[in-house]
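Residue 387 in our numbering sits at position 79 of the sequence shown, with consecutive numbering throughout.
Idealized CB from N, CA, C, for every residue including glycine.
Just so it is clear, the structure is predicted and the values come from calculations on it, not from any experiment.
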Amino acid sequence: MDTINVTERETTLTPRDLRAARGKNQIPAAIYGKSVESKSIFIKAPLKHVESWKRGKHFKVKIDGQTMRATVDEVQRDPVKRTPVHVSLHAVSANEEMKVEVPITLKGEAKGHKQGGVTTQTKKFILLKGQFKDLPEELEVDVTNLDVNEHIEVKDLNLPNGVETLEDNPNQNVIVCSFSNVSLETDTEQVMPEETETTGTAADEIAS
309 MDTINVTERE TTLTPRDLRA ARGKNQIPAA IYGKSVESKS IFIKAPLKHV ESWKRGKHFK
369 VKIDGQTMRA TVDEVQRDPV KRTPVHVSLH AVSANEEMKV EVPITLKGEA KGHKQGGVTT
429 QTKKFILLKG QFKDLPEELE VDVTNLDVNE HIEVKDLNLP NGVETLEDNP NQNVIVCSFS
489 NVSLETDTEQ VMPEETETTG TAADEIAS
């Protein structure tokens, strides 16, 4: 688990002040949780480092001489440049039970590809419940043995010990392997955005 350093920031800073701070590798953010007072902060990290962060990523956060665990709730980005303008962090304890939506990633190449099959991921995120220390940052699914006309459903996913899914439909398809001329219907309601797009001005207002 990576460690990040943060400092408290004034809530009276102007949008210009916040833009200048980002240019000095200080990313406007907020941290909150059951065991911590909500604070406006700066994350001390290069912008290019923060660009790779996604919802659900875990960190150890150093603030005011203390170290706490936190997970990324949201990364707001400039709609044009796609650079982070504000980060929301949820502080938690190792044994705190929580609900979190994590991305589903695919591992390997389906054997159905050799027959001309195409793998389609119809569900990009999954809602999980468990203690923070047990929750994964992402759920990796091995598709190596997936053949043409086969699929993987929610109930087929291998979850870490102590973690359960809160999805309503255990029979919902997650990955399907089919010939390319087969039309697949993607459950667009389940494919949630990784980040919230917002204008620089709006993000600055939220951050301040």
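Apart from the five residues on each side of it in sequence, which residues of its chain come closer than 8 angstroms, Cβ to Cβ, to residue i?
i      : result
ILE312 : ILE351, LYS352, ALA353, PHE367, LYS368, VAL369, LYS370
THR452 : LYS415, GLY416, GLU417, ALA418, LYS419
LEU454 : ALA418, LYS419, GLY420, THR427, ILE460, ILE483, CYS485
Go ahead and label residue i buried or exposed: buried means 16 or more other beta carbons lie within 10 angstroms of its beta carbon, across all protein chains shown.
i      : result
ASN479 : exposed
ARG327 : exposed
LYS407 : exposed
SER396 : buried
LYS356 : exposed
ARG517 : With the chain represented from 309 up to 516, any question about residue 517 goes unanswered, as that position is not in the structure.
Work out the CA separation of residue j and residue i for me, nearest whole Å.
i      : j      : result
SER343 : VAL388 : 36 angstroms
HIS421 : ARG317 : 52 angstroms
ASN333 : ALA402 : 29 angstroms
LYS362 : LYS415 : 18 angstroms
SER346 : TYR340 : 4 angstroms
VAL358 : GLU382 : 12 angstroms
SER488 : VAL426 : 6 angstroms
ASP386 : PRO392 : 6 angstroms
ASN457 : GLN423 : 11 angstroms
LEU474 : ARG324 : 42 angstroms
ASN477 : LEU447 : 18 angstroms
LEU436 : GLY331 : 36 angstroms
VAL462 : GLU472 : 11 angstroms
PRO444 : THR315 : 27 angstroms
Given residue i, which residues of its chain have a CB within under 6 angstroms of its CB, disregarding the five upstream and five downstream residues?
i      : result
GLU404 : PHE440
ASN466 : none
ASP450 : LYS415, GLY416
Between residue i and the rest of its own chain, which residues show a CB-CB distance below 7 angstroms, the 5 nearest in sequence each way excluded?
i      : result
GLY470 : GLY438, GLN439, ASP442
Report back the beta-carbon spacing between residue i and residue j to the nearest angstrom; my notes put them in contact at under 8 angstroms.
i      : j      : result
PRO336 : HIS394 : 5 angstroms
LYS431 : ASN481 : 7 angstroms
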